[in-house]
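**Student:** Just so you know, our numbering puts 27 at position 25 of the sequence shown, and the rest follows in order with no gaps.
Handing you a structure now.
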Amino acid sequence: MEKPKISYRVLKVGEFEGKDPSIYYKVICSCTDNRDTMDIVLDHDWDCITLTLSQKLVWSSYWGMYPWYERLWYRITGSIRMLFMGYTNMEGSVMLQGEEHVQSFIDALEEGKVFIKKHNEKEQEIKDDD
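Right, here's the structure in full:
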């Protein structure tokens, strides 16, 4: 049995034909937190690639050796700031570690590119026949 081209920490979630053909992948981070993932969506109708970073956002209040009531106060003031300002700044990343992981990511993008091209050609043939 041949090893799938895309396998190392990259999962092909689904491929959908029909009116809105698209293909979905999930890329797992190489860090120790397995909740950090990146979703890749290649959509024929929009002719685009969407990269979505998914993380569990955690408000850390454990700065230094503060007593519990100061840590609680930091959480409360941060929550109030979020409530009244309506946004907060967050940053996240997905680490691709090692040649095999990077190559699996590239292979997923290449496979998606071929998928979109195939559907573009089908659509063009239908237009040419009309």
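Yeah, the Cβ is synthetic: ideal placement off N, Cα and C, and Gly gets one too.
Given the structure is predicted, the values throughout are model-derived calculations rather than measurements.
What are the boundary residues of the alpha helix (DSSP H) that M87 is part of?
**Tutor:** 70-87
**Student:** What separation, rounded to the nearest whole angstrom, lies between the Cα atoms of V15 and G80?
**Tutor:** 36 Å
**Student:** For E19, which of helix, strand or coil comes out of DSSP?
**Tutor:** For E19, the secondary structure class from DSSP, reduced to helix, strand or coil, is coil.
**Student:** Using beta-carbon positions only, say whether S56 and Q99 come within less than 9 Å of one another.
**Tutor:** Cβ atoms of S56 and Q99: not closer than 9 Å.
**Student:** Just verifying my parser: in three-state terms, what is the DSSP assignment at K129?
**Tutor:** helix
**Student:** Per the DSSP calculation, D109 is bridged to which residue(s)?
**Tutor:** None, per the DSSP bridge assignment.
**Student:** Using 8 Å for Cβ pairs, my map puts T39 next to V96. What's the rounded Cβ distance?
**Tutor:** Indeed they touch by this definition, with Cβ atoms about 7 Å apart.
**Student:** Does the separation of the CB atoms of D41 and P23 fall below 9 Å?
**Tutor:** no
**Student:** Going by DSSP, what residue range makes up the beta strand (DSSP E) through M32?
**Tutor:** Before going on, a small fix: residue 32 reads as Ser here, not Met. No beta strand (DSSP E) holds S32; DSSP gives it neither H nor E.
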